[in-house]
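Let me begin by presenting the structure, written as structure tokens, before commenting on it.
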Amino acid sequence: MKERLTLALPKGRLLDGALGLLRELGVDGVDAESRRLIFTDTRRGLRLLFLKPADIPAYVTYGAADLGIVGRDILLEQEPDVYEPLDLGFGFCRLVVAEPRELWERDDPAKWSWVRVATKYPRMAERYFSERGIQVEIVRLDGSIELAPLVGLAERIVDLVQSGETLRVNGLVEVAEIARSTARVIVNRASMKTEHAAVTGLIEEMRARTTKVGR
């Protein structure tokens, strides 16, 4: 049995919710603004890793972390070999297809036969269009996806939205919804067996807090 569990946390939009949940569990003193990438709470028996969200499934899959908190959008894109026991309910957002308003005003998605889309979710975009019999050319980007239609790189994008304000500001209109996402807990398969009591105990504490907040 390990002295402590390692939990991978996502930098960015889900971090505040994750740290709020951990504070509910008695983990305190974590500075979200710090450049430290590892924080250890010996009292709770937890080691926290602060990672880019897209890297969390790899850390959990290969056992560098026992558990992780990550958005469902990343799990759908990467399809890692991990357990996904708990929906934490925060960090709600949607993966959508969007295009410039001037195109949307004369467009008919039912007539699409070929599209070029810019996205950082190539697998999900490919799957979505292929399932509808639409040929798709994917332009893989890592940031500022909304810029692509504005400069002619791709007429359409597949991207994550929360309020939709960024789309509106950049003159884009949502055409279709591909998936919905919230923060999820994932668990390394070996850790679930070798550290079963500790892992399931932590998950149940999270579940109790999540249920309480949701009431």
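The numbering of the sequence shown is my numbering, which starts it at 131 and goes up by one.
Positions of the beta carbon are idealized from the N, C-alpha and C atoms, including for glycine.
Note that the structure is predicted; figures quoted are calculated from it, not measured.
Measure the C-alpha to C-alpha separation of residue i and residue j and round it to an integer number of angstroms.
i       : j       : result
Glu-232 : Ile-287 : 15 Å
Phe-198 : Ala-138 : A quick correction: the sequence has Gly, not Phe, at residue 198. Looking at the two C-alpha atoms, the distance is approximately 4 Å.
Leu-152 : Phe-222 : 19 Å
Arg-337 : Ser-243 : 44 Å
Glu-325 : Lys-132 : 7 Å
Leu-149 : Tyr-189 : 19 Å
Glu-229 : Val-315 : 33 Å
Pro-215 : Leu-297 : 33 Å
Name the one or two DSSP bridge partners that residue i has.
i       : result
Ala-228 : Ile-287 and Glu-304
Val-244 : Position check: residue 244 holds Trp in this sequence, whereas Val was assumed. Paired residue(s): Gln-265.
Gly-198 : Ala-138 and Ile-316
Is it buried or exposed, residue i, if we count other Cβ atoms within 10 angstroms and call 16 or more buried?
i       : result
Leu-277 : exposed
Gly-156 : exposed
Ala-313 : buried
Ile-168 : exposed
Val-266 : buried
What first and last residue would you give for the alpha helix (DSSP H) that runs through residue i?
i       : result
Ile-168 : Element bounds for Ile-168: not the alpha helix (DSSP H) but the beta strand (DSSP E), 168 to 171.
Glu-275 : One point to set straight first is that residue 275 is Ile, not Glu, in the sequence displayed. No alpha helix (DSSP H) holds Ile-275; DSSP gives it neither H nor E.
Pro-187 : 186 to 191
What first and last residue would you give for the beta strand (DSSP E) that runs through residue i?
i       : result
Arg-177 : 176 to 181
Leu-151 : Per DSSP, Leu-151 belongs to no beta strand (DSSP E); it is in the alpha helix (DSSP H), 145 to 154.
Check your understanding: Are three or more beta carbon pairs between the stretch 187 to 194 and the stretch 141 to 157 nearer than 8 Å?
Key -> no
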